[in-house]
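Please read the structure below before turning to the comments.
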Amino acid sequence: MGEHPSPGPAVAACAEAERIEELEPEAEERPPAEDFDPGNTGFISTGKFRSLLDSHSSKLDPHKREVLLALADSHANGQICYQDFVNLMSNKRSNSFRQAILQGNRRLCSKALLEEKGLNLSQRLIRHVAYETLPREIDRKWYYDSYTCCPPPWFMITVTLLEVAFFLYNGVSLGQFVLQVTHPRYLKNALVYHPQLRAQAWRYLTYIFMHAGIEHLGLNVVLQLLVGVPLEMVHGATRIGLVYVAGVVAGSLAVSVADMTAPVVGSSGGVYALVSAHLANIVMNWSGMKCQFKLLRMAVALICMSMEFGRAVWLRFHPSAYPPCPHPSFVAHLGGVAVGITLGVVVLRNYEQRLQDQSLWWIFVAMYTVFVLFAVFWNIFAYTLLDLKLPPPP
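So my numbering is basically just the index in the sequence shown, starting at one, shifted up by 1.
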């Protein structure tokens, strides 16, 4: 899957092009090459640019050639920023170059990526992921042309493997795999969030490795692999990890505010943050999303989420196996959804653009920070002020 679509993205048409393609990251600081910018102005003429394309068009990757032509079309003043040229030739994406090709996207949209024929299995998979997650054709082509599977979607895979490993370990040690949460020793685990032990800060995160049973783990794993892995392939581990962890923290903090006596287990906060962000992105860009069976896919995701949430609600109000402590709360699911439709939507919408430049991003970051601070102070003072009687720690 790491192979790039034939004949490859490299533009190695001549010695000059080869030198540009092999630029190291430090090349961004180097002066423009004399071959292309003899006046050292920082620009090259569109005439020279087109001449280079015409003389070596047979050796160019078709998708990269389309982007190059779009870049030429977008500059009516006859000049192209040399650094934009270097960025493309060295496969380095930048916001300035993205804006340049957006202005010339009519040529890019002339032939949809979906119409490409003769693709192998890995190429079809990359194309499928592009159509599942990105609403604009220019973004799909840019992703398809640039994706190398390096690094692979390690974050979601690692988290999933850890969750499965902890579940199997607990299943063996407890001698119970279905509804583990009903076992008397279940809440004694040091990873579970418990209101009496809320001062142990790691529990606000580590509770994701404890699941109520195989039915709980199964639904979460299915959702985070089917939705989380493709999203990470497109948006990267940093963005997806941010949404996932933010959903996890919001889930445990929401429980500590809205369901103060209940423990928390499971990765539903992070999973629901990713899934709700993805579904909201599809709804907001409905006309641009060209994925097949999108209604069916949305229905399946919503059914799985509803089943998992329904199970959590039923379990919360089911008579506890270790009174007076109740079964785990379902409020973490709602915290994850809240993160997904706010912070998550902004992260997924701005594909390959700097989030720091987005005003809406800062608004939601501020809202999330305020909530976290409120929940922290709530956990410090509210239990005493409300004189709340908590169940004893496990």
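Here a beta-carbon is modelled for each residue, glycine too, at the ideal position from N, C-alpha and C.
- prompt: In whole angstroms, what separates the C-alpha of Asp146 from that of Arg128?
  reply: 10 Å
- prompt: For the region 302-313 against the region 232-243, are there 3 or more C-beta pairs whose distance is under 8 Å?
  reply: no
- request: Can you give me the Cβ contacts of Gln359 inside the same chain, cut-off strictly under 7 Å, excluding the 5 residues immediately before and after it?
  value: Val347, Asn351
message: Quick check on DSSP: helix, strand or coil for Val179?
response: coil
Length of the line joining the Cα atoms of Leu206 and Pro196: 14 Å
Of the listed residues Ala383, Gly176, Leu162, nearest to Val230 (C-alpha basis): Leu162
- request: Can you tell me the Cβ-Cβ gap for Tyr132 and Val235, rounded? I've got them flagged as a contact below 8 Å.
  value: At roughly 11 Å, the Cβ-Cβ gap does not stay under 8 Å, so Tyr132 and Val235 are not in contact.
message: I'd like the span of the alpha helix (DSSP H) that includes Ser269, first residue to last.
response: 269-285
- prompt: Using the C-alpha atoms, what's the distance from Val179 back to Glu216?
  reply: 7 Å
query: Relative to the alpha-carbon of Trp362, which residue among Pro324, Gly341, Val193, Asn380 has its alpha-carbon at the smallest distance?
result: Gly341
- request: May I have the straight-line CA-CA distance separating Arg355 from Phe168, to the nearest angstrom?
  value: 37 Å
field: Extent of the continuous alpha helix (DSSP H) run through Ile139
entry: 138-147
query: Given that a residue counts as buried once 16 or more other Cβ atoms are within 10 Å of its Cβ, and exposed if not, what is Gln201?
result: exposed
Stretch-stretch touch, CB-based, cutoff 8 Å, three pairs: the region 245-259 with the region 293-300: no
query: Is Tyr194 helix, strand or coil by DSSP?
result: strand
query: What span of residues does the alpha helix (DSSP H) with Ile364 cover, start to end?
result: 360-386
message: Judging by CA-CA distance, which residue of Gln177, Tyr208, Pro320 is the nearest neighbour of Asn190?
response: Tyr208
task: Go through its chain and collect everything with a Cβ distance to Val258's Cβ below 7 Å, but skip five positions before and after it.
output: Ala376, Trp379
message: Once DSSP output is grouped into helix, strand and coil, what is the label at Phe167?
response: helix
query: Terminal residues of the continuous beta strand (DSSP E) containing Phe44?
result: 44-46
- prompt: So, helix, strand or coil for Val266, using DSSP?
  reply: coil
- request: Alpha carbon to alpha carbon, how far is Val160 from Ser52? Give it in angstroms, no decimals.
  value: 50 Å
message: Taking a contact to mean a Cβ-Cβ separation below 9 Å, would you say Leu226 touches Ala274 in this structure?
response: no
message: For Ala251 and Lys291, what's the separation of their Cα atoms in angstroms?
response: 32 Å
- prompt: Near Pro26, what residues of its chain come up, given a Cβ to Cβ distance below 7 Å and the 5 sequence neighbours on each side ignored?
  reply: Model confidence at Pro26 stands at a pLDDT of 38, short of 50, so the residue's coordinates are unreliable and nothing is read from them.
- prompt: Helix, strand or coil for Gln357 per DSSP?
  reply: helix
Length of the line joining the Cα atoms of Pro329 and Leu374: 23 Å
field: Under the three-state DSSP convention, the category Gln225 falls into
entry: helix
Alpha helix (DSSP H) segment containing Ile209, residue limits: Taken as a continuous stretch (DSSP letters only), Ile209 belongs to no alpha helix (DSSP H), as it is neither H nor E.
- prompt: Three-state secondary structure (DSSP) at Pro392?
  reply: coil
- request: Please classify Gln201: does DSSP put it in a helix, a strand, or coil?
  value: coil
field: Nearest residue (CA-CA) to Leu335, options Tyr170, Ser268, Val222
entry: Ser268
task: Tell whether a beta-carbon distance below 9 Å holds between Thr262 and Leu391.
output: yes
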